[in-house]
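As C-alpha cells, the structure follows; a few thoughts come after it.
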Amino acid sequence: MHLDNRFGIENRLLTTNTTTVRLSDVCSAVKIINLKVPSTYLLDQTSKTPDPLILDCEYEVDESEKGFVLKWLLDGQPVYQWIPSKNPFPFQSFKNRVDTSYVVSQEHLHKHRAMAIIKPLANFTGEYMCIVQTYASIDRKSAKLKIIVRESKFDLSYYLNGDGYITVDCHARDISPLPELQIRINYELFETENLKSVQGENGLYNVSISGRIRKDQLESPAMIECLLSIPETNYNKRRSTTYYVNRG
Numbered sequence: 001m002h003l004d005n006r007f008g009i010e011n012r013l014l015t016t017n018t019t020t021v022r023l024s025d026v027c028s029a030v031k032i033i034n035l036k037v038p039s040t041y042l043l044d045q046t047s048k049t050p051d052p053l054i055l056d057c058e059y060e061v062d063e064s065e066k067g068f069v070l071k072w073l074l075d076g077q078p079v080y081q082w083i084p085s086k087n088p089f090p091f092q093s094f095k096n097r098v099d100t101s102y103v104v105s106q107e108h109l110h111k112h113r114a115m116a117i118i119k120p121l122a123n124f125t126g127e128y129m130c131i132v133q134t135y136a137s138i139d140r141k142s143a144k145l146k147i148i149v150r151e152s153k154f155d156l157s158y159y160l161n162g163d164g165y166i167t168v169d170c171h172a173r174d175i176s177p178l179p180e181l182q183i184r185i186n187y188e189l190f191e192t193e194n195l196k197s198v199q200g201e202n203g204l205y206n207v208s209i210s211g212r213i214r215k216d217q218l219e220s221p222a223m224i225e226c227l228l229s230i231p232e233t234n235y236n237k238r239r240s241t242t243y244y245v246n247r248g
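Going letter by letter, the sequence shown gives residues 1 to 248 in UniProt numbering.
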C-alpha cells in the first residue's frame, strides 16, 4: 500500500530484539477490499425515473483513525467527496447528478461511501477511482465504466438498382458510444463500405453501412442480417429480413 508523504510518514524500519517491521505496515489502517463499478450502464432516455447508477467502495478502516476522507474521481478529476463530519459534496458536472441523501451503511465511517448518480449523462463514461485516506494511510482502486445510450432507430433494408445490383443498407441513430455494424447474408459476412458516422452536438452517433451485390449472385430466399455491437461490452442488437427473387 502506498503512503502519501504529505502526511509526513516515512517508510522507516523499526527494529526490536525479535523482529523488524516497516513503519508503513504499522500505519496502513485503511484498505479498499471491494470496488463495485459496473462495466456498463444502459441509459434509458425514455424513462422519467431511471434507476440510479450506484458506485460503491467497500473498505476497512480503524475507528480510531483520524482525518478520514473518501473521494471519487472520473478520469483523474474529482467528482465526489465525503468527510464523515460533513455532507457529501459533488463536484463540477456531477453537482446536480448525485443523490447526496443516499445511504449505503449506517456505520459512521461508511454511511455515504457510495455515489448514487441520478440520470447519468453519456459523457460519464470513463475510469472511476475511489480514494480513501486518513492522516496515516491511503488506498485507491479504479475500474472502467461505459454509459450506453440505446439507439432511437435501427433499420435494415435492401432495394434493386437498375444496373442489376442489389444494395443493402443498415443504419442506427442516436447511439453512444460509437458502435460497430456488420451485414451478413446467409450467415456469411457481406463486404460493405467503411462505417459512416456523424456525431451530433448531443454527443450521440448516427451510423450506417451499405454494400452491393449482383442480383444473380443472390440465392432466393436469402437471409440478410445487420448486427450492431458496442466494443468491449455485451450490448448487441440484430435486424433481419429475407430476400425473395420475385420481390427484387
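For glycine and all other residues, C-beta sits at the position ideal for the given N, C-alpha and C. Here the structure is a predicted model, which is why all the values come from computation and not from measurement.
Should residue i be labelled buried (16 or more other beta-carbon atoms within 10 Å of its own) or exposed?
i      : result
Leu189 : exposed
Asp62  : exposed
Thr100 : exposed
Leu178 : exposed
Pro88  : buried
Tyr244 : exposed
Tyr128 : buried
Asp75  : exposed
Lys71  : buried
Asp25  : With a pLDDT of 45 at Asp25, under the threshold of 50, the predicted position of this residue should be treated as unreliable, though the coordinate-derived value follows. It is exposed - the Cβ of Asp25 has fewer than 16 other Cβ atoms within 10 Å.
Tyr205 : buried
Tyr187 : exposed
Ser220 : exposed
Ser176 : buried
Ordered along the chain, which non-local residues of its own chain (more than five positions away) have a Cβ less than 7 Å from that of residue i?
i     : result
Asp44 : Pro50 and Arg150
Glu65 : Ala29, Val30, Thr134 and Ala136
Pro52 : Asp99, Ala116, Ile117 and Ile118
Can you name, in chain order, every residue of its own chain whose Cβ lies under 6 Å from the Cβ of residue i, other than the five neighbours on each side?
i      : result
Glu58  : Ile33 and Asn34
Pro90  : Tyr80 and Val98
Phe124 : Ile147
Ile83  : Val69
Ile131 : Lys71 and Arg140
Cys226 : Leu156, Cys170, Ile183 and Arg239
Ser208 : His171 and Lys196
Ser152 : Arg173 and Asp174
Asn236 : Ser229
Glu122 : It should be pointed out that residue 122 corresponds to Ala in this sequence rather than to Glu. Cβ neighbours of Ala122 beyond the five flanking positions: Ile147, Val149, Ser176 and Gly203.
When DSSP builds the beta bridges, which residues end up paired with residue i?
i      : result
Asn34  : Glu58
Thr233 : In the DSSP output, where bridge partners are listed per residue, Thr233 has none listed.
Glu225 : Arg184 and Ser240
Ser152 : Ser152 pairs with nothing; no bridge assigned.
In chain order, what residues of the same chain lie with their CB nearer than 8 Å to the CB of residue i, ignoring the 5 residues before and after it?
i      : result
Thr233 : Ser39, Thr40, Lys146 and Ile148
Val103 : Lys111 and His112
Ser105 : Lys111 and Arg113
Gln77  : Phe91 and Gln92
Tyr158 : Ile166, Thr167, Val168, Asp169, Ile224, Thr241 and Tyr243
Point to revise | Within the segment 160 to 221, ranges of the alpha helix (DSSP H) (whole runs, at least 4 residues) | key: Within the segment 160 to 221, not a single complete alpha helix (DSSP H) segment reaches 4 residues in length.
Practice item. Determine, using beta-carbon pairs with one atom in the segment 214 to 234 and one in the segment 193 to 201, whether at least three such pairs fall under 8 Å. Key: Contact between the segment 214 to 234 and the segment 193 to 201 is absent, because fewer than three Cβ pairs lie under 8 Å.
Review point. At what residue ranges does the UniProt domain "Ig-like" (38 to 146) contain a whole run of the beta strand (DSSP E), taking only runs of 3 or more?
Key: Look at the UniProt domain "Ig-like" (38 to 146) and you find these whole runs of beta strand (DSSP E), each 3 residues long or longer: 40 to 43, 53 to 61, 69 to 74, 77 to 82, 115 to 117 and 126 to 133.
Review point. Would you call the segment 104 to 112 and the segment 154 to 170 touching, i.e. three or more CB-CB distances under 8 Å?
Key: No: fewer than three Cβ pairs fall under 8 Å.
Check your understanding: Is the segment 165 to 172 close to the segment 86 to 96, with three or more CB pairs under 8 Å?
Key -> The answer is no - the segment 86 to 96 does not touch the segment 165 to 172, with fewer than three Cβ pairs under 8 Å.
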